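Peer 1: I'd like to ask some things about the structure below.
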Amino acid sequence: MNVELYERIWMWAAAGLIVMFLGAIFLTAGLQAVQPPSHLETMDPTALIHYPEFANPAVVTRPDGSLVVSVVAETYAFTPDPIEVPANRPVTFRVTSSDVVHGFEIVGTNANAMAIPGYVSQFTVTFTKPGEYVIACHEYCGILHHGMVGKLIVK
Amino acid sequence: MTGRHTLASTHIGVAIAAFAVASAMGVLQALSVADVEFPRRSESLYYVSLTAHGVLMALVFTTFFIMGLGYVLAQECLGRITGRLGAWIAFALAAVGSVMAAVTILRGQSTVLYTFYPPMQAHPLFYIGATLLVVGSWIWGGVMIASYRSWRREHPGVPVPLSIHGMLAAVIVWYLATAGLAAEVLGMLIPWSLGMVDKVDPLVARTLFWWFGHPLVYFWLLPAYVLWYTVLPQVAGGRLFSDRLARMVFILFVVLSTPVGFHHQFSDPGISSGWKLAHTVLTYGVLYPSLVTAFTVIASLEVAGRMKGAKGLFDWIGRLPWSDPFFACIALAMIAFTFGGFGGAINAAYAMNTMVHNTAWIQGHFHVTLGTTVALSFMGATYWLLPRMLGRELRFRGLARVQPYLWFLGMALFSTSYHLAGLRGLPRRVYSASLTGEYGEAWHGLTKVAAAGGTILFLSALAFVTVVLATWVAGKKISPPAFEFAVSLRPATALTLWDRFGMWTVVAVVLLAVAYGYPLIHLLSQQRWGSPAFQPF
Ligand code: HEM
Ligand SMILES: [Cu+2]
Ligand SMILES: [Cu+2]
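Residue numbers (the working numbering), protein chains in the order written: chain A, 1 to 155; chain B, 1001 to 1537.
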């Protein structure tokens, strides 16, 4: 049995498989700009009241026409709730927390981010299907974690 | 003869005790998520038991088991444990630490889960206890290295036995990983929980945690690989296919294990997409040694089958000792790992990650990898070790034979339904899958199946613990069978590149410093405020 030959074949085959996986990721990152959210913006989580955007979080249309939803997660609710947005338009979410770490998952979509006190998670999604969606907190945040749900209405 | 393995068997005994308690908690959680009513079901019981389950399974069971296994291998393959007194002190520290942490959890003072993300705050004794467990394991690593050094002086120029090569790799991975944890716990959480500082930065803490959190899984996996490479082919009646590839695999883990943690933070702010991508590439890099392991181990089993006279293409599979409890455990562990590997490749691709991040998918994933691959390997190892360590015959062999299959069946049900529920968006760590009592329809059937799987798992755990206990206290005294390790088709005769641990450790440290240094410095140079403490209950 030619051990060395088999070894070689497998080593190269395994390497080839991995290069293929990575190729797929690089291609989508390069061509379709599929990238993880990576926003760096800090603030004082104990004084959100001093940040107008998060003192009264809401759905707003910015002067440049973009649609921005600012969300504060706080044990055990999201504000605003419900969130109403139009279908087929890019919506930028800006999510933060005023106390512990929470999660922000719009069930059935690819909107999924962490709400970390002191930081803003920012990402953009376009909802194509009108309807009502559940927003769930997916990071354990205390004894009523499972009760921390909100609603998204896509019109 | 007696007393030769007391150190090891004491560690393994503690590990299995932690496993037993944690398994009972696991079934309670599975029932709770599925909304099956049982006496005393409550939110606090669910979250307390979830914390206990995670800490006892992921930190106590694994660490003690690996320490014990390390001592067995040092004794048998190197003929020594250098620094026995230190080893006992380490045991005492780790045991006291674990008990401290467990008591604060069970009293409801530290319900912060095994990830303990601040600003959720636990009792100071929780953090201090966890620290003592880690300090104990550091001393264990020192004993392993000292034993190796002392052996090396007597055997210049000879490759160290493969099992020790693998354990040394695990020790190095562990030191690299726990550096991040130490920075988090000693530098941030302990002073904060004692009231010496008012605030901690949750994102810096998360980043340090995941620096530790992913290599942690390789710290579990490498000892399992040691068993697959050095014991499995022997039990199956074959040869290790390639010693050289095996040594390479362990070294690649040393180098690639640590700089991958950002794949747990794809959905976090504060880390640039460039660094997330870099960690993705390295994550796929660690897939490589696992693929090579799959090849080598399966080739070794084929050799075993053929040595027993197998002819055709697949005939060798049937000739393997499927009714041997050790063999069954490891073979099933390996099958589970192929599914775990596919899932891992999905988690690491960040577009797909947003679909599953923090959903029940994640629990499904790590119950096949950790909860099956690692746990079954350690259960198999226990069946192999007990007669050799204790000089007692295994009791209830029939039970030991079906137990691995029962675990596999239970986990197939549990893990498949958690994967599917996760794809449908069921968030992780919830007391009830109906959330506020309204949203459960898409998940209910699946969580019920998972609860059935969890019950089967619990029965399997009971069977395992019964065999172990009965053997320990009432197994028939025998003269202990020899520890036999697999011979390689082409044994290593000279030192190669893959035996140079010092050099590879330096490479690993440099890579780690680059992969975490720059993003951390960038983060720390921002204006930050930090968070005061919150109690979860
Ligand atoms: C009797 C067998 C087991 C059952 C029934 C079981 C069940 C569960 C359940 C239901 C959860 C909670 C999932 C959720 O609510 O999101 C969980 C979490 C967990 N399990 Fe298991 N499990 C078992 C064995 C294991 C094993 C063997 C390990 C590792 C060695 C393990 C490690 C964990 C960890 C680390 C968590 C996560 C805790 C957290 O999220 O903080 N489990 N398990
Ligand atoms: Cu929450
Ligand atoms: Cu929550």
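Idealized CB from N, CA, C, for every residue including glycine.
Since the model is a prediction, treat every value here as computed from it, not as a measurement.
Can you tell me which residues fall inside 7 Å of ligand 2, judged by beta-carbon distance to its nearest heavy atom, and keep chain order?
Peer 2: Checking every Cβ against the heavy atoms of ligand 2 under 7 Å gives A:Ala73, A:Thr75, A:Tyr76, A:His102, A:Gly103, A:Cys137, A:Glu139, A:Cys141, A:His145, A:Met148.
Peer 1: Can you list the residues of chain A that Ala1538 (chain B) reaches, using a CB-CB cut of under 8 Å?
Peer 2: For residue 1538 (chain B) there is no data in the structure shown, the boundaries of chain B being 1001 and 1537.
Peer 1: Put Ala115 (chain A) into one of helix, strand or coil per three-state DSSP.
Peer 2: Your numbering for residue 115 (chain A) matches position 115 in the first sequence. Note: Ala115 (chain A) maps to strand in three-state DSSP.
Peer 1: Ends of the beta strand (DSSP E) at Pro90 (chain A)?
Peer 2: Taking the first residue of the first sequence as position 1, residue 90 (chain A) is located at position 90. That run of the beta strand (DSSP E) goes 90 to 97.
Peer 1: Residues of chain B with a CB under 7 Å from the CB of Ala15 (chain A): which are they?
Peer 2: The count along the first sequence starts at 1 and reaches residue 15 (chain A) at position 15. Simply Tyr1288.
Peer 1: Do you know offhand how far Val68 (chain A)'s Cα is from Ser98 (chain A)'s?
Peer 2: Walking along the first sequence from the start, residue 68 (chain A) turns up at place 68. Walking along the first sequence from the start, residue 98 (chain A) turns up at place 98. Using only the alpha carbons, I get a separation of about 19 Å.
Peer 1: If you follow the alpha helix (DSSP H) that Ser1460 (chain B) is in, where does it begin and where does it stop?
Peer 2: Locating residue 1460 (chain B) in the second sequence gives position 460, counting from the first residue. Element bounds for Ser1460 (chain B): 1441 to 1474.
Peer 1: Figure out for me which residue from B:Ala1024, B:Ile1012, B:Leu1007, B:Ala1030 has the closest Cα to the Cα of Ala1450 (chain B).
Peer 2: On the second sequence, residue 1450 (chain B) is found 450 positions in, with the first residue counted as 1. If we check each option's Cα against that of Ala1450 (chain B), B:Ala1030 comes out closest.
Peer 1: Should Ser1272 (chain B) be counted as a contact of ligand 1 given a C-beta to heavy atom distance under 7 Å?
Peer 2: As a position in the second sequence, residue 1272 (chain B) is number 272, starting the count at 1. No, the Cβ of Ser1272 (chain B) stays beyond 7 Å of every heavy atom of ligand 1.
Peer 1: When the Cα atoms are used, what is the spatial distance from Glu139 (chain A) to Ala14 (chain A)?
Peer 2: Your numbering for residue 139 (chain A) matches position 139 in the first sequence. Your numbering for residue 14 (chain A) matches position 14 in the first sequence. If I take the Cα positions, the gap works out to 35 Å.
Peer 1: Considering Ser1273 (chain B), what are the terminal residues of the alpha helix (DSSP H) in which it resides?
Peer 2: Reading the second sequence from its first residue, position 273 is the one you call residue 1273 (chain B). From DSSP, the alpha helix (DSSP H) with Ser1273 (chain B) extends over 1273 to 1307.
Peer 1: Considering Gly131 (chain A), what are the terminal residues of the alpha helix (DSSP H) in which it resides?
Peer 2: Taking the first residue of the first sequence as position 1, residue 131 (chain A) is located at position 131. Gly131 (chain A) -> not in any alpha helix (DSSP H); beta strand (DSSP E) instead, spanning 131 to 136.
Peer 1: I'd like to know whether the C-beta atoms of Tyr166 (chain A) and Pro1269 (chain B) end up nearer to each other than 8 Å.
Peer 2: No answer is possible for residue 166 (chain A): the residues shown for chain A start at 1 and end at 155.
Peer 1: Please list, in chain order, the chain B residues whose beta carbon lies closer than 8 Å to that of Asp44 (chain A).
Peer 2: If you number the first sequence from 1, residue 44 (chain A) lands on position 44. Those within 8 Å of Asp44 (chain A) in chain B are Trp1529.
Peer 1: Grab the span of the alpha helix (DSSP H) containing Val1506 (chain B) for me, first residue to last.
Peer 2: By one-based count along the second sequence, residue 1506 (chain B) stands at place 506. First-last of the alpha helix (DSSP H) with Val1506 (chain B): 1501 to 1524.
Peer 1: Cβ atoms of Ile1105 (chain B) and Trp1498 (chain B): under 8 Å apart, would you say?
Peer 2: Walking along the second sequence from the start, residue 1498 (chain B) turns up at place 498. Walking along the second sequence from the start, residue 1105 (chain B) turns up at place 105. No, these two residues do not count as a Cβ contact at 8 Å.
Peer 1: What did DSSP end up calling Gln1363 (chain B) once you bin it into helix, strand or coil?
Peer 2: Working through the second sequence from its first residue, we reach residue 1363 (chain B) at position 363. Helix.
Peer 1: For Val1217 (chain B) and Gly1054 (chain B), what's the separation of their Cα atoms in angstroms?
Peer 2: As a first step, residue 1217 (chain B) must be located in the second sequence, where it is residue number 217. As a first step, residue 1054 (chain B) must be located in the second sequence, where it is residue number 54. Each residue's alpha carbon lies about 13 Å from the other.
Peer 1: Are the beta-carbon atoms belonging to Val1197 (chain B) and His145 (chain A) less than 8 Å from one another?
Peer 2: Along the second sequence, read from residue 1 onward, the residue named residue 1197 (chain B) stands at position 197. Along the first sequence, read from residue 1 onward, the residue named residue 145 (chain A) stands at position 145. Contact: no.
Peer 1: Return the Cβ separation of Ala113 (chain A) and Ser1272 (chain B) in integer angstroms, given the expectation that the two are a contact with Cβ distance under 8 Å.
Peer 2: Translated into positions along the first sequence, residue 113 (chain A) becomes position 113. Translated into positions along the second sequence, residue 1272 (chain B) becomes position 272. No, Ala113 (chain A) and Ser1272 (chain B) are not in contact; Cβ-Cβ is about 16 Å, not under 8 Å.
Peer 1: Measure the alpha-carbon distance for Arg8 (chain A) versus Val1297 (chain B) and round it to whole angstroms.
Peer 2: What you label residue 8 (chain A) is simply residue 8 of the first sequence in a count that begins at 1. What you label residue 1297 (chain B) is simply residue 297 of the second sequence in a count that begins at 1. So the alpha carbons of these two residues sit roughly 15 Å apart.
Peer 1: Would you decide whether Pro45 (chain A) is buried or exposed? Buried here means 16 or more other CB atoms lie within 10 Å of its CB.
Peer 2: If you number the first sequence from 1, residue 45 (chain A) lands on position 45. Pro45 (chain A) should be labelled buried.
Peer 1: Could you have a look at Thr1002 (chain B) and say whether DSSP puts it in helix, strand or coil?
Peer 2: Position 2 of the second sequence, counted from the first residue, corresponds to residue 1002 (chain B). Residue placement at Thr1002 (chain B) is flagged as unreliable, the pLDDT there being 45, under the threshold of 50; a coordinate-derived value is accordingly withheld.
Peer 1: Is the closest heavy atom of ligand 1 to the C-beta of Gln1075 (chain B) under 7 Å?
Peer 2: As a position in the second sequence, residue 1075 (chain B) is number 75, starting the count at 1. Gln1075 (chain B) Cβ: outside cutoff for every heavy atom of ligand 1.
Peer 1: Report whether the distance from the Cβ of His1279 (chain B) to the nearest heavy atom of ligand 1 is below 7 Å.
Peer 2: Translated into the one-based positions of the second sequence, residue 1279 (chain B) becomes position 279. No; taking the cut-off as 7 Å, the Cβ of His1279 (chain B) has no heavy atom of ligand 1 nearer than that.
Peer 1: Under 8 Å Cβ-Cβ, which residues of chain A neighbour Thr1359 (chain B)?
Peer 2: On the second sequence, residue 1359 (chain B) is found 359 positions in, with the first residue counted as 1. Glu105, His138, listed in chain order.
Peer 1: By DSSP, does Met1 (chain A) sit in helix, in strand, or in coil?
Peer 2: Reading the first sequence from its first residue, position 1 is the one you call residue 1 (chain A). Confidence is the limiting factor: at Met1 (chain A) the pLDDT is only 47, short of 50, which leaves the residue's position unreliable, though a coordinate-based value still follows. Coil.
Peer 1: State yes or no: is the beta carbon of His102 (chain A) nearer than 8 Å to at least one beta carbon in chain B?
Peer 2: As a first step, residue 102 (chain A) is located in the first sequence; it is residue number 102 there, counting from the start. So, not an interface residue.
Peer 1: Does any CB atom of chain B fall closer than 8 Å to the CB of Gly142 (chain A)?
Peer 2: One-based indexing of the first sequence puts residue 142 (chain A) at position 142. So yes, Gly142 (chain A) belongs to the interface.
Peer 1: Just verifying my parser: in three-state terms, what is the DSSP assignment at Phe978 (chain B)?
Peer 2: Shown here, chain B extends from 1001 to 1537; a query on residue 978 (chain B) therefore has no answer.
Peer 1: Going residue by residue through the region 1359 to 1440 of chain B, where are the continuous alpha helix (DSSP H) segments of at least 4 residues, counting only ones entirely within it?
Peer 2: Those alpha helix (DSSP H) runs which fall completely within the region 1359 to 1440 of chain B and span 4+ residues are 1360 to 1368, 1375 to 1390, 1397 to 1423.
Peer 1: May I ask you to check if the CB of Gly1371 (chain B) is nearer than 7 Å to at least one heavy atom of ligand 1?
Peer 2: The sequence position of residue 1371 (chain B) within the second sequence is 371, counting from 1. Checking the Cβ of Gly1371 (chain B) against ligand 1 gives yes.
Peer 1: Can you check DSSP and say which residues form a bridge with Gln1121 (chain B)?
Peer 2: If you number the second sequence from 1, residue 1121 (chain B) lands on position 121. Paired residue(s): none; Gln1121 (chain B) is not in a bridge.
Peer 1: List the residues of chain A that Val1292 (chain B) touches, going by C-beta distances under 8 Å, in chain order.
Peer 2: As a position in the second sequence, residue 1292 (chain B) is number 292, starting the count at 1. The contacting residues are Trp10, Met11, Ala14.
Peer 1: Run the CB neighbour count on Gly1340 (chain B), radius 10 Å, all protein chains shown included, and call it buried at 16 or more, exposed below.
Peer 2: Sequence index remark: in the second sequence, residue 1340 (chain B) carries index 340 (1-based). Buried: at least 16 other Cβ atoms inside 10 Å.
Peer 1: Shorter than 8 Å from the beta carbon of Met1001 (chain B) to some beta carbon of chain A?
Peer 2: The residue you call residue 1001 (chain B) lines up with position 1 of the second sequence. Any reading at Met1001 (chain B) must be qualified, since the residue scores a pLDDT of 36, below 50, and its modelled position is unreliable; no value is offered.
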